[in-house]
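J.: First the structure, which I've put down as structure tokens, then a few questions once you've had a look.
See the structure below:
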């Protein structure tokens, strides 16, 4: 267990030192959300109705942006081989790195989401539901993303392929995230069936995705 | 304790690199692997480390720990140093000490002559210093088998002697060292293995 925590702490420290990852994701989130009203027109009612979907799509794209770095740096400098030879199973290595990605990329996006929501005229009563649904759904983005990151490891232009592989996996998260948020926005219960399915998606991804990612990493050594 | 390679063959990208390699390396023995470029020297080390699968044959550490795989009893120092430029030298070393299970030499950095650089970011190190930081990983946790792939690359004469001393110490304390190197690595390599060329014949002639 301590090796798991050590690896996560190292990744958090690296993200902090190297900067970039968190800032880029936040900046991208802001830019995407800011250009949407320019394209859709200034009609506030229309923006408010579309806001849940637009915010979730912007979250998906921003989380995707830094995924190709997830295993790339460790593979490049040889750390990954030593990580694979440690006492921690490779599945746990993948899980620790995905969790660190969630903490450094998704969590800041989730916390910044209410600010972005102002730009899209999301009703202020829905801000709590926005943060909660995103907090519950975004771990799935990091864990599913780890599968794509490990599969495209070592490819010269892995980024676009990564998006092609991962975005279809993100669809259920998007569908249930937006539905849960819309229900809450229209005065329904926050803990609705779509919200619970969203939670289930995150939990299932947390268990299954590291297994798939580790298998892809092992194949990558050969 | 001995490292047993039994009829090992390896393939890379569909091409057979070598076959029917059989060796028994006992505790305290060093094996020096030689051969031309592309003859599969690094592949052999990675196969022993458990990162690659042998096409045929088995590799076991006879008398090793029962509850650990072979790869958990090996240190592999390869071409890439496994060093993070954004972390300091001390942080790099401390991470591997804790991640690899602890119990290592607390003076690992000092032994490699890096103590006075401990607080510098690893990104400013020279190639030789970086290599020494990678070699410090060997002392970060006690492991029986050391797999060294060109460990003397970019080391100066003094560091080379230091490396030879570390290897000799490891062998003297009952370790096993398998190294790929074009330069001399101290005197204790009593066994050698020649890979490549006309494969099997030369591999056998390499000395058993």
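Residue numbers (our numbering), protein chains in the order written: chain A, 825 to 1046; chain B, 2 to 209.
Idealized CB from N, CA, C, for every residue including glycine.
(1) What are the complete beta strand (DSSP E) segments, minimum 3 residues, inside the segment 24-62 of chain B?
(2) So, with DSSP's three-state summary, where would you put residue 89(B)?
(3) Apart from the five residues just before and just after residue 202(B), which ones in its own chain have a Cβ nearer than 6 Å to its Cβ?
(4) In this structure, does DSSP put residue 180(B) in helix, strand or coil?
(5) Short of 8 Å Cβ to Cβ, which residues in the segment 828-851 of chain A face chain B?
(6) Using the three-state DSSP reduction, which class does residue 205(B) fall into: helix, strand or coil?
(7) Helix, strand or coil: how does DSSP classify residue 84(B) here?
(8) Determine the direct distance from the alpha carbon of residue 875(A) to that of residue 998(A), and round the result to whole angstroms.
(9) Would you verify that the beta carbon of residue 905(A) is, or is not, closer than 8 Å to some beta carbon of chain B?
(10) By the 10 Å Cβ neighbour count, where 16 or more other Cβ atoms means buried, how is residue 132(B) classified, buried or exposed?
(11) Got a sec? Which residues, its chain only, sit under 7 Å from residue 112(B) by beta carbon, not counting five neighbours each side?
(12) On the criterion of 16 or more Cβ atoms from any shown chain inside 10 Å, does residue 1013(A) qualify as buried, or is it exposed?
(13) Please report how far the alpha carbon of residue 943(A) lies from the alpha carbon of residue 861(A), in whole angstroms.
(14) Identify the contact partners of residue 73(B) in chain A, using a Cβ-Cβ distance below 9 Å as the criterion.
(15) Whole angstroms is fine: what's the gap from residue 896(A)'s alpha carbon to residue 858(A)'s?
(16) Please specify which runs of the alpha helix (DSSP H), each continuous and at least 4 residues long, are wholly inside the segment 130-187 of chain B, giving them in chain order.
(17) Could you check if residue 841(A) belongs to the surroundings of the ligand SAH, using beta carbon to heavy atom distance under 7 Å?
(18) Report all residues from its chain with a CB closer than 8 Å to the CB of residue 89(B); omit the five preceding and five following residues, and keep chain order.
(19) Measuring straight from C-alpha to C-alpha, what distance separates residue 69(B) and residue 968(A)?
(20) Within the same chain, show all residues whose beta-carbon is closer than 6 Å to that of residue 833(A), passing over the 5 residues directly before and after it, in chain order.
(21) Can you name the start and end residues of the beta strand (DSSP E) that residue 195(B) belongs to?
(22) Please determine, among 1034(A), 946(A), 905(A), 961(A), the residue with the shortest C-alpha to C-alpha distance to residue 1001(A).
(23) Suppose the cutoff is 7 Å on Cβ atoms and the five residues either side in sequence are ignored; what does the same chain contact list for residue 84(B) look like?
(24) Within 10 angstroms of the Cβ of residue 906(A), are there 16 or more other Cβ atoms? Answer buried if so, exposed if not.
(25) Rounded to the nearest angstrom, how far is the Cβ of residue 871(A) from that of residue 864(A), given a contact under 8 Å?
(26) Looking at residue 903(A): is its Cβ nearer than 8 Å to the Cβ of residue 845(A)?
(27) So what does DSSP say about residue 866(A), is it helix, strand or coil?
(28) Pick from 41(B), 170(B), 195(B), 49(B): whose alpha carbon is nearest that of residue 189(B)?
(29) Between the segment 45-62 of chain B and chain A, which residues of the former have a C-beta closer than 9 Å to a C-beta of the latter?
(30) Can you find a CB in chain B that lies within less than 8 Å of the CB of residue 890(A)?
(31) Listing by chain order, which chain A residues have their CB less than 7 Å from the CB of residue 219(B)?
(32) Identify whether residue 189(B) lies in helix, strand or coil by the three-state DSSP scheme.
(33) Have a look at 148(B), 44(B), 103(B) and flag the residue whose alpha-carbon is nearest the alpha-carbon of residue 4(B).
(34) So that I know if they touch, is there some Cβ in chain B lying closer than 8 Å to that of residue 853(A)?
(35) Sort 971(A), 978(A), 1003(A), 879(A) by Cα distance to residue 988(A) and report the nearest one.
(36) Under 8 Å, do residue 179(B) and residue 49(B) count as touching if we go by C-beta distance?
T.: Taking the coordinates as given:
(1) 31-35
(2) strand
(3) Its pLDDT being 45, under 50, residue 202(B) is placed unreliably by the model, and the measurement read from it follows with that caveat. Hits under 6 Å: none found.
(4) strand
(5) 830, 831, 834, 837, 838, 841, 842
(6) With a pLDDT of 48 at residue 205(B), under the threshold of 50, the modelled position of this residue cannot be trusted; read the value that follows with caution. Helix at residue 205(B).
(7) coil
(8) 13 Å
(9) yes
(10) Buried: at least 16 other Cβ atoms inside 10 Å.
(11) Excluding positions up to five away in sequence, the list reads 106, 140.
(12) exposed
(13) 8 Å
(14) Under the 9 Å cutoff, chain A gives 909, 910, 911.
(15) In this structure, the CA atom of residue 896(A) is about 30 Å from the CA atom of residue 858(A).
(16) 158-173
(17) As for the ligand SAH, it is missing from this structure, which has no ligand bound.
(18) 119, 120, 121, 122, 123
(19) 30 Å
(20) Hits under 6 Å: none found.
(21) Run containing residue 195(B): 192-195, per the beta strand (DSSP E) assignment.
(22) 961(A)
(23) 93, 123, 131, 134, 135
(24) buried
(25) 6 Å
(26) No.
(27) coil
(28) Cα-wise, what sits closest to residue 189(B) is 170(B).
(29) 47, 50, 51, 52, 53, 54
(30) no
(31) Because chain B spans 2 through 209 in this model, residue 219(B) falls outside it and cannot be assessed.
(32) Assignment of residue 189(B) by DSSP, reduced to helix, strand and coil, places it in the coil class.
(33) Among 148(B), 44(B), 103(B), the Cα nearest to that of residue 4(B) belongs to 148(B).
(34) no
(35) 971(A)
(36) Yes. Within cutoff.
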